[in-house]
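Heads up: the sequence shown begins at 29 in the working numbering, then just goes up one per residue.
Beta carbons are placed, not taken as given, at the ideal position from N, Cα and C, and that holds for glycine.
As the structure is a computational prediction, the values presented were derived from the model and not from experiment.
A short worksheet on the structure shown next.
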Amino acid sequence: MMDARTKLTPFSTHWGTYLAEVESGRLVGVRDFAGDPDPAVIGPGIVEAVYHPARIAGPVVRKGFLEEGHACDRSTRGAEPFVAVSWEEATELAAAELDRVRKAHGNRAIFGGSYGWASAGRFHHAQSQLHRFLNCIGGYTASIDTYSHAAAHAIMPHIVGDFHDLICNQATAWPVISEHTRLLVMLGGLPRKNAQVNASGVGRHIMAEALRAAKQNGCDFVSVSPLRSDAMPELGAEWLAARPGSDTALMLGLAHTLVAEDLHDRQFLTRYTTGYDRFEPYLMGVLDGQPKDADWAARLTGLEAGTIRGLARRMAHTRTMITLTWSLQRADHGEQPLWMAVTLAAMLGQIGLPGGGFGIGYSSANGVGYPVTPMRWPSLAQWINPVEDAIPVARISDLLLNPGGTYDFDGGAHVYPDIRLVYWAGGNPFHHHQDINRLVAALRRPETIIVNEIWWTPMARHADIVFPATTMLERDDLSMCRWDPLLVAMQQAIPPVGGARHDYDVLTGIARALGIEEAFTEGRTGEEWLERMWTSAQTRAEQAGFSLPELAAFREQGMADRPSPARPSILLENFRADPIAHPLTTPSGRIEIFSERIAGFGYQACSGHPRWMPPYEWLGAEAANRFPLHLISNQPRTRLHSQLDCGSVSQASKVAGREPITIHPDDAARRRLQPGDVVRVFNDRGACLAGVIISDDVMRGVVQLATGAWYDPETPGEIGSLCKHGNPNVLTRDKGTSELGQGPTAHSCLVEVEKFAGTPPPVTAFDPPEIEER
29 MMDARTKLTP FSTHWGTYLA EVESGRLVGV RDFAGDPDPA VIGPGIVEAV YHPARIAGPV
89 VRKGFLEEGH ACDRSTRGAE PFVAVSWEEA TELAAAELDR VRKAHGNRAI FGGSYGWASA
149 GRFHHAQSQL HRFLNCIGGY TASIDTYSHA AAHAIMPHIV GDFHDLICNQ ATAWPVISEH
209 TRLLVMLGGL PRKNAQVNAS GVGRHIMAEA LRAAKQNGCD FVSVSPLRSD AMPELGAEWL
269 AARPGSDTAL MLGLAHTLVA EDLHDRQFLT RYTTGYDRFE PYLMGVLDGQ PKDADWAARL
329 TGLEAGTIRG LARRMAHTRT MITLTWSLQR ADHGEQPLWM AVTLAAMLGQ IGLPGGGFGI
389 GYSSANGVGY PVTPMRWPSL AQWINPVEDA IPVARISDLL LNPGGTYDFD GGAHVYPDIR
449 LVYWAGGNPF HHHQDINRLV AALRRPETII VNEIWWTPMA RHADIVFPAT TMLERDDLSM
509 CRWDPLLVAM QQAIPPVGGA RHDYDVLTGI ARALGIEEAF TEGRTGEEWL ERMWTSAQTR
569 AEQAGFSLPE LAAFREQGMA DRPSPARPSI LLENFRADPI AHPLTTPSGR IEIFSERIAG
629 FGYQACSGHP RWMPPYEWLG AEAANRFPLH LISNQPRTRL HSQLDCGSVS QASKVAGREP
689 ITIHPDDAAR RRLQPGDVVR VFNDRGACLA GVIISDDVMR GVVQLATGAW YDPETPGEIG
749 SLCKHGNPNV LTRDKGTSEL GQGPTAHSCL VEVEKFAGTP PPVTAFDPPE IEER
């Protein structure tokens, strides 16, 4: 029973909407939004995290940097003590460094990539705030695309159309799939845990109920994944445990069967696609003497040839939807499974039909397939960046380690700028980026690193100047998501913890020191910006045919819904109805099975049509003789990436205080492992400790270790140090998917596992660094 003194305050996160329970100004609990049929498990973890000792209490400066400035020894980043300083001193020091670098080296020497999910609020969004500020002082080198789907973002415009505006925003809606799909082939599965999250906020988690409805309506499910748990158990999905990285080979085998048995839709291919005649000779082995038939695919995937042929026949004879998770393209040659899935769907001829065709990203974010008309809500204007340099987001270490180096990207040749200063806000690259040891080396190169952060994450520990930031519970904001109908008046529930300040206030102080406060703030307080944004939201709502209340009334009611569309979307429905009147944005206006444009780039790792290219690391590689286990570093169930790792929900999932690693019983028996053992997971790039879970939910030869455990080196600051906590990115390789997309390739990774000898070192990831007082 709720205490009469408890105050309930609404707030939104990337994993759900909640009511904060506050007593005497202190957060004591959170309640799930009553309208959410499938709340995420992550939510309660925020209660402990808000007050955790890992919160940054006040502004600090790395000791050597404070004493010697930017000429100090940078190899001690991550290990050296910090010194507590006043807000005034930290602000003046940050302003002086920004001014020095832009005057001595130009604004392209400032890197403001600041990648991460930050806050669900539209105003207090750390990256937006930082990018606006940096543009006010002359710009910065930026990063583009996302770790989530960089390869898809690059290749889809060449073969179908814009990834965001078409593939995501116009994805076939879940109600259509529930009603019409009779066979759902899920490449990468449809993991329920991934569907917990959505950029900008979540009101209702809908995937589970949509899949249950599909099941009730007679849909069958096939999950192609190394993990049985990537499909909800109640679906009764057929589990095809193909070798990780072999999805393209599987789809080629399916496509070969369609042609060999004359099951492909020639009429669709002729009317809606271009280049199939260039692809089929490769598929049938005319060009290289190797038909990509089911027997060939069976040798690569580890599946039975009869299973592959049987699946192809089923797909051809019923309404079939092919789905791919974003994880498939986070691997070597990650563009290929995307291209091949579109090609396979075109051969089936069901693209544009209700419940047929393909989709990319179902379950990767709750909003993909949500039956709502996507809306562009107002956000803080970032202005135009005068600096043209923008690197692919997964090439950060390359940027810092190779100033002046050249690289190819999506048809262009580019040069890495010489970065002297990094300003990071609202993210933790030690979660996202591959090969942490290489990243540690890269972070020694800039002269200055400034970080705004809530907790002592690894990125904050590697900074020179650190500003403590507030959480979403400590400020007012507005949650308005393009993929969710719920709007939330996020209201401050508790006072800022310790000395934390809003990013807007931190940057306003630096802007004032640089003499550009008026340009950054336009003379507005944070509250005045919220009023302006809400007024703009009201205008956009009116243009869309509905109304929103005044801000005061909205805050009083806490939440509001926008109407659902009259008709759920079907991907490429208009194109199928009339490809002349509704052409695609590709060069031909049609689906490009062969792309003259991509072929013209001359890339070795991405040629003119989809093809099988063995990943640099997979169970079919020679390296598997030394490292015989394929590592799947997937998204965690108990947090969003690394957010709330110090919270109770994430901590409860640990084994022996470390991130759990799941291994098949046969593989565990060979290594004499028992549940709860601490193991060393290693390859030539690095090593980490993890706690053992034994389960046949993973296929033989595969281990699963989720991302997001805060990097915790046994010897802080040392390159190659053992991570005591279980961050898999000490193991993954920092290599682009191809010259086209330059996306991350974390899922092409081989390791070995052994029981740790002796007493494992304690986890210290959440202990604050040494902070000296003056």
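With C-beta atoms as the reference, is residue i less than 7 angstroms away from residue j?
{"i": "residue 516", "j": "residue 587", "result": "yes"}
{"i": "residue 774", "j": "residue 792", "result": "no"}
{"i": "residue 58", "j": "residue 67", "result": "no"}
{"i": "residue 698", "j": "residue 782", "result": "no"}
{"i": "residue 600", "j": "residue 380", "result": "yes"}
{"i": "residue 507", "j": "residue 201", "result": "no"}
{"i": "residue 719", "j": "residue 706", "result": "yes"}
{"i": "residue 281", "j": "residue 325", "result": "yes"}
{"i": "residue 215", "j": "residue 356", "result": "yes"}
{"i": "residue 407", "j": "residue 160", "result": "no"}
{"i": "residue 844", "j": "residue 766", "result": "The structure shown has nothing for residue 844, since the chain only spans 29 to 802."}
{"i": "residue 461", "j": "residue 735", "result": "no"}
{"i": "residue 42", "j": "residue 530", "result": "no"}
{"i": "residue 107", "j": "residue 396", "result": "no"}
{"i": "residue 604", "j": "residue 615", "result": "no"}
{"i": "residue 391", "j": "residue 218", "result": "yes"}
{"i": "residue 293", "j": "residue 387", "result": "no"}
With 16 other CB atoms within 10 Å as the buried threshold, where does residue i fall?
{"i": "residue 593", "result": "exposed"}
{"i": "residue 224", "result": "buried"}
{"i": "residue 608", "result": "exposed"}
{"i": "residue 345", "result": "exposed"}
{"i": "residue 374", "result": "buried"}
{"i": "residue 523", "result": "exposed"}
{"i": "residue 550", "result": "exposed"}
{"i": "residue 606", "result": "exposed"}
{"i": "residue 315", "result": "exposed"}
{"i": "residue 185", "result": "buried"}
{"i": "residue 419", "result": "buried"}
{"i": "residue 269", "result": "buried"}
{"i": "residue 798", "result": "exposed"}
{"i": "residue 29", "result": "Here residue 29 scores only 46 on pLDDT, less than 50, and its place in the model should not be relied on; the value that follows carries that caveat. Looking at its Cβ environment, which holds fewer than 16 other Cβ atoms inside 10 Å, residue 29 is exposed."}
{"i": "residue 363", "result": "buried"}
{"i": "residue 653", "result": "exposed"}
{"i": "residue 688", "result": "buried"}
What does DSSP give as the partner residue(s) for residue i in the beta ladder?
{"i": "residue 57", "result": "49"}
{"i": "residue 214", "result": "251, 351"}
{"i": "residue 634", "result": "Note: residue 634 sits in no beta bridge, so no partner."}
{"i": "residue 83", "result": "483"}
{"i": "residue 435", "result": "442"}
{"i": "residue 751", "result": "716, 741"}
{"i": "residue 686", "result": "683"}
{"i": "residue 35", "result": "50"}
{"i": "residue 599", "result": "In DSSP, residue 599 forms no bridge with anything."}
{"i": "residue 783", "result": "707"}
{"i": "residue 40", "result": "45"}
Does any CB atom of chain B fall closer than 7 angstroms to the CB of residue i?
{"i": "residue 346", "result": "Checking the listed chains, one finds no chain B in this structure; it contains a single protein chain."}
Give me the Cβ distance between residue i and residue j, rounded to the nearest whole Å; I'm assuming they're in contact under 8 angstroms.
{"i": "residue 349", "j": "residue 317", "result": "In fact, because the Cβ distance is near 34 angstroms, the residues do not count as touching under 8 angstroms."}
{"i": "residue 12", "j": "residue 454", "result": "Absent from the structure is residue 12, since the part of the chain shown begins at 29 and ends at 802."}
{"i": "residue 171", "j": "residue 447", "result": "Actually they are not in contact, since the Cβ atoms of residue 171 and residue 447 sit about 11 angstroms apart, beyond 8 angstroms."}
{"i": "residue 105", "j": "residue 490", "result": "5 angstroms"}
{"i": "residue 84", "j": "residue 130", "result": "In fact, because the Cβ distance is near 26 angstroms, the residues do not count as touching under 8 angstroms."}
{"i": "residue 444", "j": "residue 427", "result": "5 angstroms"}
{"i": "residue 188", "j": "residue 612", "result": "6 angstroms"}
{"i": "residue 366", "j": "residue 569", "result": "Not confirmed; about 35 angstroms, so no contact."}
{"i": "residue 659", "j": "residue 778", "result": "7 angstroms"}
{"i": "residue 711", "j": "residue 794", "result": "Not confirmed; about 26 angstroms, so no contact."}
{"i": "residue 800", "j": "residue 111", "result": "5 angstroms"}
Practice problem: Can you check the segment 692 to 734 for any alpha helix (DSSP H) of at least 4 residues that lies completely inside it and give the ranges in chain order? | Solution: Taken in chain order, the complete alpha helix (DSSP H) segments of 4 or more residues contained in the segment 692 to 734 are 693 to 698.
Quiz item: Enumerated in chain order, which unbroken segments of the alpha helix (DSSP H) with a length of 4 residues or greater are wholly contained in the segment 116 to 165?
Solution: The alpha helix (DSSP H) runs of length 4 or more contained entirely in the segment 116 to 165 are, from start to end of the chain, 154 to 164.
Practice problem: Ignoring anything shorter than 3 residues or poking outside the segment 297 to 362, list the beta strand (DSSP E) runs there in chain order. | Solution: Segments of the beta strand (DSSP E) lying fully in the segment 297 to 362: 348 to 352.
Practice problem: Could you tell me which uninterrupted alpha helix (DSSP H) segments, each at least 4 residues in length, are contained entirely in the segment 367 to 448, listed from first to last along the chain? | Solution: List check, alpha helix (DSSP H) in window: 424 to 429.
Quiz prompt | Completely contained beta strand (DSSP E) runs for the segment 190 to 242, where each covers 3 or more residues | solution = As far as the segment 190 to 242 is concerned, its whole beta strand (DSSP E) runs of at least 3 residues are 211 to 215.
Practice problem: Give, in chain order, every unbroken run of the beta strand (DSSP E) that is at least 3 residues long and sits entirely within the segment 602 to 678. | Solution: Runs of the beta strand (DSSP E) inside the segment 602 to 678: 657 to 660.
Self-check item: beta strand (DSSP E) runs wholly inside the segment 467 to 550, at least 3 long, in chain order
Solution: Within the segment 467 to 550, the complete beta strand (DSSP E) segments of 3 residues or longer fall at 476 to 481, 493 to 496, 505 to 508, 514 to 518, listed in chain order.
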